[in-house]
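Letter by letter, the sequence shown follows residues 350 to 757 in this note's numbering. Heads up, the beta-carbon is just placed ideally off N, CA and C, and yes, glycines get one too.
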Amino acid sequence: MEESLTGEKRRGRMEFLEEYNINIVSLVMVIAFVYPVIMGIVFKLKSKSMVATIKGVLTSMAMVCSIILTTVVVKNVFALDKYGLVEYISSKISPSFAYLITKSKLFNGIILLFTFLIIYQIFKALIEFISRTTLYPASDAIDTSIRNTGRGTRALLGGIFQIPKAICYMIILSALLSYASIFLNNPKLDSKLNSSTIYSYINKKIIEPVTDSEIAKNFPNILENSFKVVDEKNNIVDDVNGYLQGVVFYNGVTLDEGIKSNEIIDNTALSITSKYDNDYDKARALYEWIGNAIIYDDDKATEVMNNPIPTEINSGAINTFNTGKGVCFDYACLYVAMCKANDIPVRLIVGEGYNGMSWVSHSWNEVYIKEMDKWVNVDSTFYNAGNYFDNDTFNSEHRNRKIAGEWK
350 MEESLTGEKR
360 RGRMEFLEEY
370 NINIVSLVMV
380 IAFVYPVIMG
390 IVFKLKSKSM
400 VATIKGVLTS
410 MAMVCSIILT
420 TVVVKNVFAL
430 DKYGLVEYIS
440 SKISPSFAYL
450 ITKSKLFNGI
460 ILLFTFLIIY
470 QIFKALIEFI
480 SRTTLYPASD
490 AIDTSIRNTG
500 RGTRALLGGI
510 FQIPKAICYM
520 IILSALLSYA
530 SIFLNNPKLD
540 SKLNSSTIYS
550 YINKKIIEPV
560 TDSEIAKNFP
570 NILENSFKVV
580 DEKNNIVDDV
590 NGYLQGVVFY
600 NGVTLDEGIK
610 SNEIIDNTAL
620 SITSKYDNDY
630 DKARALYEWI
640 GNAIIYDDDK
650 ATEVMNNPIP
660 TEINSGAINT
670 FNTGKGVCFD
680 YACLYVAMCK
690 ANDIPVRLIV
700 GEGYNGMSWV
710 SHSWNEVYIK
720 EMDKWVNVDS
730 TFYNAGNYFD
740 NDTFNSEHRN
750 RKIAGEWK
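Shown next, in the form of structure tokens:
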């Protein structure tokens, strides 16, 4: 009975937020900012509290820096393997262990935690050194100057001195939510993050630029979900064993319409691969050509998402080849058309891609390499963000794959 009442109260609160168009993520972040400021006003500025406040601000900044540096270190050392550590572990120690390091969410979490703790402890030791050599000796002089001010001034100063800490709290919360989006498969959370103006601003202006994330800097603005998959009645499409079923529309066109080619595309595809004698090199050459030749169409992405059923939007290989621009589905269609011209088995995949903030709808390819007897992941939309052809960390930024079509 109590659980039922609790559930009803929770639903009631959520309905209230939705009724007044209040984003829960934004609300939590506002509270994280306002709370320390109010506490500063209530308890006013005192010499000891001022020293504690400065130390608290430094500690909060240390936590922000630790989170950011942890992201940089783990991404460069493990995810991108810039220093060859994962490759060394794979060749000299154990391929299985190297796989766990790069693919296992549990291992990723452990590595992140330990890296964070080490960096954070270093910062804390530095803060303690600064406190002992500078802040504590100055506390008596600070106390004398504060006593000469009125209660209102001390209250105002108390709030002002908490603002840096409040900002740090918001940045920390944004970073933690960004991590949560990566590790949790929760569409509701992703939706709330995408629609939170405050979270999006902090993530875009502070976290992404500082971490220098290639995917965050170069990933095109498909971030607003530039891809729609529905049937003729605008319903969500079912899949069987990973294959989508029935007549499906992708951004307003069927798959057959999307991958339709012409003589110019076929001849271009054959010309691109003419100097290669194996499917792997041919498939990679097509990936690189599309990545260089096609630019991401932000206007089309907006148009797709503003149309419940985008039936009058030009999509597919031919339009993309002719205009030199498109969204993820168009990149994937053109890749299919060019692979078919070279008799290379290829798939068009739909699922989700990580945009640096949350998971959004996305489309990419898989190509079958005969000499290797395996399907290789390909994402030409991501070309400018790094290597997304047969990349070992591909699945860390792609998930929920479903096969829309396969051509052999």
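- When secondary structure is reduced to three states using DSSP, Y717 falls in the strand class.
- Three or more beta-carbon pairs drawn from the region 407-419 and the region 451-471 are found closer than 8 Å, and the two stretches are therefore classed as touching.
- In terms of Cα proximity to M519, the closest of K624, Y548, L542 is Y548.
- By the Cβ test, the region 598-617 is in contact with the region 689-699, since at least three Cβ pairs between them sit closer than 8 Å.
- Its chain contains T622, Y625, N691, I693 as the residues whose beta carbon lies nearer than 7 Å to that of K631, once the 5 sequence neighbours on both sides are disregarded; these appear in chain order.
- Sequence-distant partners of L484 (beyond 5 residues in either direction) whose C-beta falls short of 8 Å from its own C-beta, in its chain, are V400, I403, K404.
- Contact annotation: Y629 and M721 have beta-carbon atoms nearer than 8 Å.
- The beta carbon of D739 lies closer than 6 Å to those of V725 in the same chain, with the five residues before and after it left out.
- Residue range 373-392 is occupied by the alpha helix (DSSP H) that includes I390.
- In the DSSP assignment, V435 falls within the unbroken alpha helix (DSSP H) covering 434-437.
- A residue is called buried once 16 or more other Cβ atoms fall within 10 Å of its Cβ, and Q511 is buried on that count.
- Counting only the Cα atoms, S745 lies some 14 Å from T420.
- Restricting attention to V383, P486, A524, the CA atom closest to the CA of L418 is found in A524.
- Residue pairing for V695: DSSP places it in a beta bridge opposite V716, W756.
- G673 and A634 do not touch by the CB rule: their CB atoms are close to 18 Å apart, not below 8 Å.
- Leaving aside the five residues that flank D615 on each side, the residues in its chain whose CB is nearer than 6 Å to its CB run, in chain order, A690.
- Spanning the alpha carbons of I460 and I438 requires a straight line of approximately 15 Å.
- Around the beta carbon of E701, a 10 Å sphere encloses 16 or more other beta carbons of the protein chains shown; the residue is thus reported as buried.
- Secondary structure of K441 (DSSP, three-state): helix.
- In this structure, the beta-carbon distance from G665 to K649 does not fall below 8 Å.
- Inclusion of C677 and T603 in the CB contact set at 8 Å is not warranted, their separation being larger than that value.
- Residues L461 of the same chain have their beta carbon placed closer than 8 Å to that of Y528, with the five preceding and five following residues left out of the count.
- If the five residues before and after R750 are omitted, its C-beta is found closer than 8 Å to the C-beta atoms of G591, I698, V699, G700, all from its own chain and listed in chain order.
- At a Cβ-Cβ threshold of 8 Å, L505 and V374 do not count as neighbours.
- Put simply, the backbone Cα of M378 is about 11 Å away from that of L526.
- I509 has its alpha-carbon roughly 8 Å from the corresponding atom of I390.
- Within the region 455-519, the runs of alpha helix (DSSP H) that reach at least 4 residues and sit entirely inside it are, in chain order, 485-496.
- T408 and R481 have their C-alpha atoms roughly 14 Å apart.
- In this structure Y703 is buried. Its beta-carbon is surrounded by 16 or more other beta-carbon atoms within 10 angstroms.
- The three-state secondary structure of Y548, taken from DSSP, is helix.
- Around the C-beta of L522, 16 or more other C-beta atoms lie within 10 Å, and the residue is accordingly described as buried.
- Burial of A447 is indicated by the presence of at least 16 other C-beta atoms within 10 angstroms of its C-beta.
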